[in-house]
Amino acid sequence: MRYLSQRFTAPNRMVAAVLNDVGTEELAHLEIVSTIVHQLTKDLSMEEIENSGLGPYYIDHTVGIWPQAAGGVPFNACEFQSKGDPITDLFEDLAAEQKARSTYDNILRVVKNIPEVADPIRFLRAREVVHFQRFGEALRSVQEQLDAKNFYAFNPSFDAPCKASCEE
5 MRYLSQRFTA
15 PNRMVAAVLN
25 DVGTEELAHL
35 EIVSTIVHQL
45 TKDLSMEEIE
55 NSGLGPYYID
65 HTVGIWPQAA
75 GGVPFNACEF
85 QSKGDPITDL
95 FEDLAAEQKA
105 RSTYDNILRV
115 VKNIPEVADP
125 IRFLRAREVV
135 HFQRFGEALR
145 SVQEQLDAKN
155 FYAFNPSFDA
165 PCKASCEE
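Take 5 as the starting number for the sequence shown in my numbering and just add one per residue.
Set out below in structure tokens:
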């Protein structure tokens with residue numbers, strides 16, 4: 005949702021296309037992860053639920069899929085982070101992709117002997133690397149359009165051209 009929200013203030017068609025493409029693909033990632041979680045939890049016994057530490061989750065959600073972090077923090081709209089400044093947003097996006105890659109690395113350390121889980125996680129990890137590269141290309145596109153005298157001094161989508169403060 006972050007990327008799909010940011011595309012509306014993208015400064016050019018290339019950046020908007022990257023945000024749209026990656027945002028759409030990330031929805032598929034959510035489906036893949038949700039499917040893995042569902043397959044791993046759908047047939048758990050009450051004893052397995054209790055012994056695995058899933059008791060509190062089960063009380064609230066049974067074995068329904070409800071997005072939350074590994075630490076139990078529920079997903080919320082604060083994750084979207086759309087500032088309307090393409091430089092700020094793209095740096096945020098680069099960081100988000102690196103954090104996702106790191107999370108997949110951690111998952112792979114835990115499930116390395118479970119190919120049914122590890123294989124799709126490896127695929128998702130590889131896509132995060134590609135997304136990071138695409139966002140880097142988008143950032144370069146934005147930076148190339150900036151006025152060299154005002155590099156990072158203002159929001160190019162909102163303040164440009166900024167002749168009055170640029171000449172000071």
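Note that the Cβ used here is the ideal one computed from N, Cα and C, for glycine as well.
Problem - Boundaries of the alpha helix (DSSP H) in which Met50 is found, first to last residue - result: Counting from one through the sequence shown, the residue named residue 50 turns up at place 46. Taken as a continuous stretch (DSSP letters only), the alpha helix (DSSP H) holding Met50 covers 50-55.
Exercise for the section: Look up Gln72 in the DSSP assignment and give the residues it is bridged to. Expected result: For this step, residue 72 is matched to residue 68 along the sequence shown. Note: Gln72 sits in a beta bridge opposite Pro78.
Practice task
State the Cα-Cα distance for the pair Asp47 and Glu30, rounded to the nearest angstrom.
Solution key: Within the sequence shown, the letter at position 43 stands for residue 47. Within the sequence shown, the letter at position 26 stands for residue 30. For Asp47 and Glu30, the distance between alpha carbons rounds to 27 Å.
Handout entry: Between the CA atoms of Ser56 and Val37 - distance to the nearest angstrom
Key = Reading the sequence shown from its first residue, position 33 is the one you call residue 37. Reading the sequence shown from its first residue, position 52 is the one you call residue 56. So the two alpha carbons sit approximately 19 Å from each other.
Problem - Thr135 versus Asp97, Ile125, Val115, residue with shortest Cα-Cα distance - result: Position 131 of the sequence shown, counting from 1, holds the residue named residue 135. Here the sequence assigns His to residue 135, which means Thr is not the residue at that position. That would be Asp97, whose Cα lies nearest to the Cα of His135.
Practice task
Check whether the region 14-25 touches the region 143-152, counting contact only when three or more Cβ pairs, one atom from each stretch, lie closer than 8 Å.
Solution key: yes
Exercise for the section: Report the rounded CA-to-CA distance for Arg6 versus Ser86, giving the unit in angstroms. Expected result: Along the sequence shown, read from residue 1 onward, the residue named residue 6 stands at position 2. Along the sequence shown, read from residue 1 onward, the residue named residue 86 stands at position 82. The alpha-carbon atoms of Arg6 and Ser86 are separated by roughly 6 Å.
Handout entry: Assigned secondary structure, Thr13 (DSSP; H/G/I helix, E/B strand, else coil)
Key = Taking the first residue of the sequence shown as 1, we reach residue 13 at position 9. Three-state result, Thr13: helix.
Practice task
Output the distance between the C-alpha atoms of Ser9 and Glu51, rounded to the nearest integer angstrom.
Solution key: As a first step, residue 9 must be located in the sequence shown, where it is residue number 5. As a first step, residue 51 must be located in the sequence shown, where it is residue number 47. The straight-line gap from Cα to Cα measures roughly 42 Å.
Handout entry: Inter-residue CB distance, Ile2 and His42 (contact presumed, cutoff 8 Å)
Key = No answer is possible for residue 2: it lies beyond the span of the chain, which begins at 5 and ends at 172.
Problem - Contact belief for Phe139 with Glu101 at Cβ below 8 Å, rounded distance in angstroms - result: The residue given as residue 139 occupies position 135 in the sequence shown. The residue given as residue 101 occupies position 97 in the sequence shown. Between Glu101 and Phe139 the Cβ distance is about 6 Å, and since that is below 8 Å, they are a contact.
Exercise for the section: Compute the Euclidean distance between the alpha carbons of Gln147 and Phe79, then round it to the nearest angstrom. Expected result: Your numbering for residue 147 matches position 143 in the sequence shown. Your numbering for residue 79 matches position 75 in the sequence shown. Computed Cα separation, rounded: 32 Å.
Problem - Inter-residue CB distance, Val133 and Arg113 (contact presumed, cutoff 8 Å) - result: As a working mapping, residue 133 is identified with position 129 in the sequence shown. As a working mapping, residue 113 is identified with position 109 in the sequence shown. Rounded, the Cβ-Cβ distance is 17 Å, inconsistent with contact.
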